[in-house]
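Below is one structure, written out as structure tokens; comments come after it.
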Amino acid sequence: MRPEKIREDFPLFETNPSLSYLDNAATSQKPEQVIEEITNFYEESNSNTGRGLYKLANKATKEYEGSRSTVADFINADKEEIVFVRNTTEAENLLSSCLDFEGDIVLTEMAHHSEQLPWRHKAEQEGKNIEYLETSEGKISIEDAESKIGEDTGLVAVSHISNVFGALNPVEELIEIAHENGALVVLDCAQSAPHKRLDVKSLDADFITFSGHKMLGPTGIGVLYGKKHLLDDMPPYQVGGGMVKSVEEDSVRFSDTPHKFEAGTPNIVGAVGLKAAIHYLENLGMDEVEEHTREMSSKIHKGLESIDGVDVISHERSTLVSFTASGAHPHDIAEILNQKSVAVRAGNHCAQPQHLDLDISGSVRASPYIYNTEEDVQKLVDGVKEAVKMFNV
Amino acid sequence: MYRDEILDLYKNPRNTGEIEDAELKLQGENPSCGDQLTLYVNRDDKITDIKHDSDACAICTASTSILTEEVKGLPVREVEELDKNWMLEKLGIDVSPMRLKCALLGLETLQKGLEE
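Pasting the structure below:
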């Protein structure tokens, strides 16, 4: 992997040449191949999908549905199992609104608010109990899962990779435990899809959710994968145009999966852009992508650990590095780094309960991706050193 | 942003600690970024005493320190009138939009408490 060369594909680094962008767990930058694909669509193929009978409309429909096939191949699913949504949050909300099941809900302490609040809302409305799986050394505790997932469990919603710790959760084991107890599993892959080859058939999760914008795609496009028979059994999320077979005065017949979940004109360019992003990643090779992210994280981890007063919360070789520093508040560290053109995230990263549990008010998170170089790592480490020195009380 | 005065107020915050049996004990927080503070206030028609206990960033700690120094002895009615611009002027630095809530946490906590 040659990150310096990859960087040249990203126009944002041309306009911000000194930027060390290390906030990829929040969103990624976009290569010109994705931006061009979006422009090309508007310049050459723009029309609505699934409706018009003219040449251009066929072209647009083909592009949109072709993107669905690309996403399906990317995660080893069937085309009918891919629903386009806005983002991970919408996918989780769609599920919590439409999925009907008996039994209680199991979430995790480390859950991002987007995979936690929709299910808490459902539990409140339907009188379901919620249990939270504990975090043990940055991962979901299997021991705790074995004791909390039981016959009364109807659904287990977990992250593939935590956005606080960056560690890969033991999801295969979790899914097995859930299925043994007859519970459905929703896997939040927002942090794993950008870095890891996903195979829904071998994972055997019932649903997975992820966002396009964290994996080089545009904002406003995300994916809900569901096993076909489960999606077939669910009612539509929203109703309107583009999701019906026929509408008569006293009856409506909805389209089949997945179109019944895509009411209204969809985000066509979003899907087209996501297709280009997946092609870009596949050209690099997902294994190489993952290896590079982990290597960069590992170097950041080592560099930070050598600074007195810095406490790294995440594991070595995670996809990201989160840390605190004694005497220096996360926001102040991020501000000093900002002054050196290093972009990181500071706060509780939409996982407030997990931070309360760790008894810290927040953390700093550096999350690398394919275009990050050793120079970025060095700038970050030097900046943190300076911040610790400046704020040390 | 981090002028020497701000760093000094962060490392040596003014009027810190607890007032025993304070008339008002006010808690403020910015949950998303992790700033937390408690204000202890005694007042009649003026602020007669005020202390703070802050676990917060440099901007929040410094501005709360300045706040306690400025409002002690001030009529409550005047404190209620203070606004964002007053606080930023006293702080004397440019604050980015994301850090505005850090700079204003102390003032907003105090005004909300006085109102109630």
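Quick mapping for you: the protein sequence lines, in order, are chains A and B.
Just add 51 to wherever you are in the first sequence, counting from 1, and you've got this note's numbering.
Just add 256 to wherever you are in the second sequence, counting from 1, and you've got this note's numbering.
The beta carbon of each residue, even a glycine, is placed where N, CA and C say it ideally should be.
- With a beta-carbon spacing of about 5 angstroms, T375 (chain A) and S414 (chain A) fall inside the 8 angstroms limit used to define contacts.
- Listed along the chain, the chain A residues whose CB falls inside 7 angstroms of the CB of S288 (chain B) are G398, N399.
- By the neighbour-count definition (other C-beta atoms within 10 Å, threshold 16), E132 (chain A) is a buried residue.
- Remark: C-beta atoms of D359 (chain A) and F442 (chain A) do not approach each other more closely than 8 angstroms.
- In chain order, E386 make up the part of chain A whose C-beta sits under 7 angstroms from the C-beta of M257 (chain B).
- K307 (chain B) places its beta carbon 8 angstroms or farther from that of N268 (chain B).
- Two segments are said to touch when three or more pairs of C-beta atoms, one from each, lie closer than 8 angstroms; by this definition the region 113–130 of chain A touches the region 248–264 of chain A.
- Burial state of G268 (chain A) is buried, judged by a 10 Å Cβ sphere holding 16 or more other Cβ atoms.
- Sequence-distant Cβ neighbours of A397 (chain A) in its own chain, meaning closer than 7 angstroms and more than five residues away, are P381, H382, I384, A385, G413, V415.
- Looking at the DSSP output, G398 (chain A) bridges to A:S414.
- Residues of the region 300–324 of chain B that bring their beta carbon within less than 7 angstroms of a beta carbon in chain A comprise D311, A312, C313, A314, in sequence order.
- Any Cβ of chain B closer than 8 angstroms to the Cβ of P317 (chain A) would place that residue at the interface, and such an atom is absent.
- Using a Cβ-Cβ cut-off of 8 angstroms, L263 (chain B) counts as an interface residue toward chain A, since at least one Cβ of chain A sits closer than that to its own.
- When only Cα atoms are considered, I349 (chain B) and M266 (chain A) end up about 37 angstroms apart.
- Counting C-beta pairs with one atom in each stretch, the region 305–312 of chain A and the region 322–336 of chain A have fewer than three that are closer than 8 angstroms, which means they do not touch.
- At a cut-off of 8 angstroms, the C-beta of Y296 (chain B) has no neighbouring C-beta in chain A.
- From the listed residues A:F305, A:M285, A:L355, A:Y276, the smallest Cα separation to S120 (chain A) is found for A:Y276.
- In the three-state reduction of the DSSP assignment, Y115 (chain A) falls in the helix class, which pools H, G and I.
- Counting along the chain, T66 (chain A) sits inside the alpha helix (DSSP H) bounded by residues 62–66.
- Among the CB atoms of chain B, one or more fall inside 8 angstroms of the CB of F442 (chain A).
- Under the 8 angstroms Cβ criterion, the region 85–96 of chain A does not count as touching the region 211–224 of chain A, having fewer than three qualifying pairs.
- Secondary structure of E386 (chain A) (DSSP, three-state): helix.
- Remark: three or more beta-carbon pairs, one from each stretch, lie closer than 8 angstroms, so the region 300–319 of chain B and the region 346–363 of chain B are flagged as touching.
- For E182 (chain A), the enclosing beta strand (DSSP E) begins and ends at 181–184.
- The three-state reading of DSSP puts N109 (chain A) in helix, counting H, G and I together.
- D383 (chain A) belongs to the set of residues whose beta carbon lies under 8 angstroms from a beta carbon in chain B.
- Excluding five sequence positions before and after A142 (chain A), the CB atoms of its chain that fall closer than 6 angstroms to its own CB belong to V136, T260, G273, L275, given in chain order.
- In the same chain as T294 (chain B), and ignoring 5 residues on each side of it, the C-beta atoms closer than 6 angstroms to its own belong to Q283, D309, in chain order.
- In this structure, K350 (chain A) and V428 (chain A) form a Cβ contact; the two beta carbons are roughly 5 angstroms apart against a cut-off of 8 angstroms.
- C-alpha of E194 (chain A) to C-alpha of S187 (chain A): approximately 10 angstroms in a straight line.
- Judged by their CB atoms, M285 (chain A) and A314 (chain A) are not nearer to each other than the 8 angstroms cut-off.
- Per DSSP, I329 (chain A) is not a residue of any beta strand (DSSP E); the alpha helix (DSSP H) it occupies stretches across 319–335.
- With a contact defined as Cβ atoms closer than 8 angstroms, L280 (chain B) and V297 (chain B) qualify at about 4 angstroms.
- In the displayed model, V290 (chain A) falls within coil according to three-state DSSP, outside both helix and strand.
- For A438 (chain A) and T90 (chain A), the gap between their C-alpha atoms comes out near 42 angstroms.
- Assignment of V157 (chain A) by DSSP, reduced to helix, strand and coil, places it in the strand class.
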